[in-house]
């Protein structure tokens with residue numbers, strides 16, 4: 008691998024890590040809100056999203072270990088899953104906003 012490729016991959020990894028940390032922070036906040044308001048339906052949704060996040064964490068680990076041949080596919084898979092995760096979190100956030 009060239010230095011340029013390593014740097015490009017690190018930039019991608021940093022971006023993905025940032026997105027995942029942001030989603031995790033939002034999930035933690037939503038979980039606290041749901042627990043304080045005893046919103047059981049939302050707690051169930053948050054738990055489902057947390058499972059998806061855990062799967063993404065595993066995919067990120069695979070991405071970091073992947074070789075050049077499989078890197079782009081793994082990257083696209085992770086980015087797609089993160090986008091879905093972000094949409095799920097936004098949907099839960101919308102349930103807590105006043106009508």
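Numbering (this note's numbering), first residue to last: 8 to 106.
In this text, a Cβ means the ideal position worked out from N, Cα and C, and glycines have one as well.
Quick caveat: nothing in here was measured; it's all calculated off a predicted structure.
I believe residue i touches residue j by the beta-carbon criterion, under 8 Å. Please report the beta-carbon distance rounded to the nearest angstrom.
{"i": "residue 62", "j": "residue 34", "result": "Between residue 34 and residue 62 the Cβ distance is about 14 Å, and since that is not below 8 Å, they are no contact."}
{"i": "residue 26", "j": "residue 99", "result": "Not a contact, Cβ separation roughly 17 Å."}
{"i": "residue 49", "j": "residue 104", "result": "Contact doesn't hold; Cβ gap of about 12 Å is too wide."}
{"i": "residue 73", "j": "residue 83", "result": "Their Cβ separation, rounded to whole angstroms, is 12 Å, which puts residue 73 and residue 83 out of contact at 8 Å."}
Tell me whether residue i is buried or exposed, calling it buried when 16 or more other Cβ atoms sit within 10 Å of its Cβ.
{"i": "residue 96", "result": "buried"}
{"i": "residue 76", "result": "exposed"}
{"i": "residue 85", "result": "buried"}
{"i": "residue 15", "result": "exposed"}
Taking Cβ positions, are residue i and residue j nearer each other than 8 Å?
{"i": "residue 51", "j": "residue 31", "result": "no"}
{"i": "residue 38", "j": "residue 23", "result": "no"}
{"i": "residue 20", "j": "residue 71", "result": "yes"}
Consider the Cβ of residue i: report whether some Cβ of chain B lies at a distance smaller than 8 Å.
{"i": "residue 101", "result": "This model lacks chain B altogether; it includes just one protein chain."}
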